[in-house]
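Only one structure is covered here, and it is reproduced in the block below.
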Amino acid sequence: QPLSSTALYISRSRISKETAGGMAMAAAEARLRQEKVKKFEDFVDRRLKPDLVNAIAQRDNLFQQQKTFLDLKKNIENLEKNGVTSMRSMVNLGSEVYMQAEVPDTRHIFVDIGLGFHVEFTWQEALQFISVREARLARQIDEYTHLIASIKAQIKMVYVKVSANSFSYQRSELPGETHQTCGGEVYAW
């Protein structure tokens, strides 16, 4: 049975309202999706990337300290091996200004133990201190390496999630809502 023109108009009007409502809802979802992408990207740029740069700088500093202690260890071993009891050396006074210095007794050396403190050690005491310090530095380097890997994994996870557009529209997934622990630090997601 054919529809009257009034019924047909009402039917078309209802369909166009439903279509318009669906389009408005799709636009709202697209805006929400864009806002979530922006929040995730901001989280990466403002929190994770600076943390990554800081962790890499801290680890590089530890590598430099490790190299310094390794050089000191080699120098002490050379002094022991060659039986050197006195020596002349060029000492850097700062700004690449050097002067000659004479060390009358090399059996005792001063080692920077941190925070600007120097302790007088015999060669054996210095070697023992260096071995303890090297072990501590190795542990710290491992911790920073794990932290760096974890931060890189979190950055990759965020970018994969953003690129896949696999967002669930749950409030708990917005940045700042869930928390993840990484190397002793808590990252808010």
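According to my numbering, the sequence shown is numbered sequentially starting from 34. Every residue gets a Cβ at the ideal spot worked out from N, C-alpha and C, and that includes glycine.
Tell me which residue opens and which closes the beta strand (DSSP E) that residue i is part of.
i      : result
Arg-79 : No beta strand (DSSP E) contains Arg-79, which DSSP labels as neither H nor E.
Tell me, please, which residues DSSP counts as bridged to residue i.
i       : result
Gly-149 : Looking at the DSSP assignment, Gly-149 forms no beta bridge with any residue, so it has no partner.
Glu-135 : Arg-121
Val-144 : Val-152
Val-86  : In DSSP, Val-86 forms no bridge with anything.
Gly-127 : Val-130
Sort the options by Cα distance to residue i and report the nearest one.
i       : options                            : result
Ala-88  : Tyr-192, Ala-182, Glu-68, Val-165  : Ala-182
Thr-139 : Met-132, Glu-153, Ser-128          : Glu-153
Ala-233 : Ala-60, Leu-105, Arg-92            : The requested residue 233 does not occur in the structure, where the chain is confined to residues 34 to 222.
Gly-147 : Val-136, Thr-178, Ile-163, Lys-82  : Ile-163
Val-195 : Ala-57, Glu-176, Leu-65, Ala-59    : Leu-65
Thr-155 : Gly-127, Ile-142, Phe-96, Arg-166  : Ile-142
Asn-111 : Phe-73, Leu-126, Val-77, Gln-157   : Gln-157
Val-117 : Leu-103, Pro-137, Gln-133, Gln-99  : Pro-137
Lys-100 : Ser-128, Arg-166, Ala-59, Glu-68   : Arg-166
Lys-185 : Met-58, Val-86, Glu-62, Met-56     : Val-86
Ala-171 : Gln-133, Asp-93, Asp-78            : Asp-93
Ser-119 : Gly-127, Phe-102, Ile-174, Ile-109 : Ile-109
Thr-178 : Asn-125, Asp-84, Asn-115           : Asp-84
Leu-180 : Ala-90, Arg-79, Phe-76             : Ala-90
Gln-133 : Ala-168, Arg-121, Ala-197          : Arg-121
Ile-188 : Gly-149, Leu-103, Val-124, Glu-74  : Glu-74
Asp-175 : Lys-82, Leu-95, Ala-60, Ala-57     : Leu-95
Please list the terminal residues of the continuous alpha helix (DSSP H) segment that includes residue i.
i       : result
Ser-183 : 156-197
From the DSSP output, in three-state form, read off residue i for me.
i       : result
Lys-69  : helix
Gln-99  : helix
Tyr-220 : The pLDDT assigned to Tyr-220 is 49, lower than 50, so where the model puts this residue is not dependable, and the model offers no usable value.
Asn-108 : helix
Under 8 Å between C-beta atoms, does residue i make it to chain B?
i       : result
Ala-182 : No chain B appears in the structure shown, which is made up of a single protein chain.
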